[in-house]
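Student: When you read off a place in the sequence shown, starting at 1, and then add 4, the result is the number in this note's numbering.
Backbone N, C-alpha and C fix where the C-beta goes; we use that ideal spot for every residue, glycine too.
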Amino acid sequence: MELPAFVQIEPVGQCNLRCAMCPIQYRRDGPPWGPPALMPYEAFVRLVEQFPGTRELHLQGLGEPMMHPRLPEMIAYAASRGWTVSVNSNCTLLNRRKALRLAASGLDTIHVSIDGATRGAYESIRAGATFYGVLRGVRLLAWAKRKLSRELPRLRLVFVVMRRNLEELGSLPALARRLEIPSIFVQHLAHDFGEESLPSHYAPMREYVERESLLGEEPRRIEECFARARAAARQEGVELRLPRVSEDAYPEGTPGRERCDWPWRGAYVSYQGLAMPCCMVATPDRAQLGDMARDGVEAVWNGVEYERFRSALEKGPAPGVCRSCSLYRGRF
């Protein structure tokens, strides 16, 4: 099978309370539990070289990519091959030097994670992070682009909508406008962690999603908040994408590949070099398809585990991690 044109790589696997990415700190990669969970630069280069037809790279994971000391070099290396490179970040670790290095790296887009339009809402969700830290990081990027006379990287706000921050949507377009960010991508919670094989330490995340998912919210309140957000976006001249939040957007019997074709079109690789079906799975202890760092990209991509996973998704019954996924259910 032809290698994918799109790949996601997780440069950092560890979490840091100063720039918390998750409301529940369940990940135990990196300090203080173990050594730094960083993909070695040399391993990154070896992986990249094994995707000859790739044209797009997204650097993200459950850790904050800005924690990697060689992130700008990773970006520059991939960009030098003609790849379009993007990254997810909450920007709280940026300083002037890092902002300048990013602006000079060839980075195409930064997806700025921000789950509140106000300090109180944001900091109640992202424990350990600071709302003004995000704003400062975004403004440093704008400063660096001006200083280097660069148009890139482009910025886009990414907002995970939940019951607790639903009312924030109406204020989000004005914030984006102040930050000179032209578009907002609002997503539903990605996964309900409902698969039977879920490791026990993910139980707090499952409970969090049950409490916060819009599937448990009054539809009328959702539509009122969405309507206010749409009106504000039109007023501010900001592009706004809102998710579907119905129980299941696909008719009964819709084949899995029509719901999600990710395992055929894109690879997702952890900081250890382990292949996973997609970024929705997030960590290889939930689903792993082989070790690309050890065995090589092509051997794993066309290997038994990948083919078995694709077959189950296409012909059914779909794997549990897919059945519990918002993308598979059409409500991402």
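Take Val-16 and list the residues in its own chain whose beta-carbon comes closer than 7 Å to its own, dropping the five residues that flank it on each side.
Tutor: Excluding sequence neighbours, Val-16 sits near Ala-41, Leu-42, Gly-65, Gly-67, Glu-68, Pro-69, Met-71, His-72 and Tyr-275.
Student: Which residues does DSSP list as the beta-bridge partners of Tyr-272?
Tutor: Note: Tyr-272 sits in a beta bridge opposite Gln-12 and Met-280.
Student: Which of helix, strand or coil does DSSP assign to Val-213?
Tutor: Val-213: helix per DSSP, three-state reduction.
Student: Can you tell which of Val-11, Ala-271 and His-195 has its C-alpha closest to the C-alpha of Leu-61?
Tutor: Comparing Cα positions, the closest option is Val-11.
Student: My assumption, with CB atoms under 8 Å, is that His-192 sits in contact with Pro-247. Please give the rounded CB distance.
Tutor: His-192 to Pro-247, Cβ: 4 Å. Contact.
Student: Give a yes or no on whether the C-beta atoms belonging to Val-116 and Arg-182 are separated by under 8 Å.
Tutor: Cβ atoms of Val-116 and Arg-182: not closer than 8 Å.
Student: DSSP puts Phe-163 in a beta bridge; with which residues?
Tutor: Looking at the DSSP assignment, Phe-163 forms a beta bridge with Val-190.
Student: Taking 8 Å as the cut-off, decide whether the C-beta atoms of Arg-290 and Val-249 are in contact.
Tutor: Taking 8 Å as the Cβ cut-off, Arg-290 and Val-249 do not qualify as a contacting pair.
Student: From Leu-144 to Asn-92, what distance separates their C-alpha atoms?
Tutor: Roughly 16 Å between the two C-alpha positions.
Student: Would you please verify whether the beta carbon of Arg-101 is less than 8 Å from any beta carbon of chain E?
Tutor: Judged by its chain identifiers, the structure shown contains no chain E, having just a single protein chain.
Student: How far does the alpha helix (DSSP H) with Leu-1 in it extend, from its first residue to its last?
Tutor: For residue 1 there is no data in the structure shown, the boundaries of the chain being 5 and 336.
Student: Please work out which residues of its chain come closer than 6 Å, Cβ to Cβ, to Gln-54, disregarding the five sequence neighbours upstream and downstream, and give them in chain order.
Tutor: The answer, listed in chain order, is Val-301.
Student: Since Leu-61 sits in a beta bridge, which residues does DSSP pair it with?
Tutor: Bridge partners of Leu-61: Val-11 and Val-89.
Student: Taking the beta carbon of Ala-233 as the centre, do at least 16 other beta carbons fall within 10 Å, making it buried, or is it exposed?
Tutor: Buried, by the Cβ-count rule.
Student: For Ser-201, is the classification buried or exposed, using 16 other Cβ atoms within 10 angstroms of its Cβ as the cut-off for buried?
Tutor: By the 10 Å Cβ count, Ser-201 comes out exposed.
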